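In the numbering used here, the protein residues as written are 2 to 144.
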């Protein structure tokens, strides 16, 4: 009779052989998957780093834009104040010019003589000064 008894070493070798045949290929497959995941993770990390840099740049751009808007708002306030001031000056000049026309019209209607030439000269000089001031304010050169 043949001894069909299997020794412990043979059982161990069979189990190890079965594990190597069945389990190790699965481990190899999992290793490949993990390698692919690690590569994907490295790409994701690089993308996140790039996005962080982009966001940082955008934050700086937004900060600069906010400063520019604040400056523009202040400039607009100053322009409005200047325009309001200029409007008042223009109205004064218009009033002075109307007064000059009225005085000239009155002088033309009256007989020739000495009719307040000093007051007329003063008004003309004052109007001239206003016009020069207005021209300087708006940046017009008058010669």
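Beta carbons are placed, not taken as given, at the ideal position from N, Cα and C, and that holds for glycine.
Since the structure is predicted, the reported quantities are computational estimates derived from the model, not experimental observations.
Distance, residue 69 Cα to residue 61 Cα: 12 Å
Buried versus exposed call for residue 20 [16 or more other C-beta atoms within 10 Å across all chains shown]: exposed
Alpha carbon of residue 82 to alpha carbon of residue 138, nearest angstrom: 13 Å
DSSP state of residue 8 mapped onto helix, strand, coil: coil
Straight-line gap, residue 37 to residue 54 (C-alpha atoms, nearest Å): 26 Å
Whether residue 98 touches residue 128 by CB criterion (8 Å): yes
Cut-off 6 Å between Cβ atoms - residues of its own chain near residue 84, not counting five sequence neighbours on either side: none
Beta strand (DSSP E) runs contained entirely in the segment 33-101, provided each spans 3 or more residues: none
Residues near residue 90 in its chain [Cβ-Cβ closer than 8 Å; skip 5 each side]: 131, 134, 135, 138
Nearest residue (CA-CA) to residue 105, options 94, 93, 122, 33: 122
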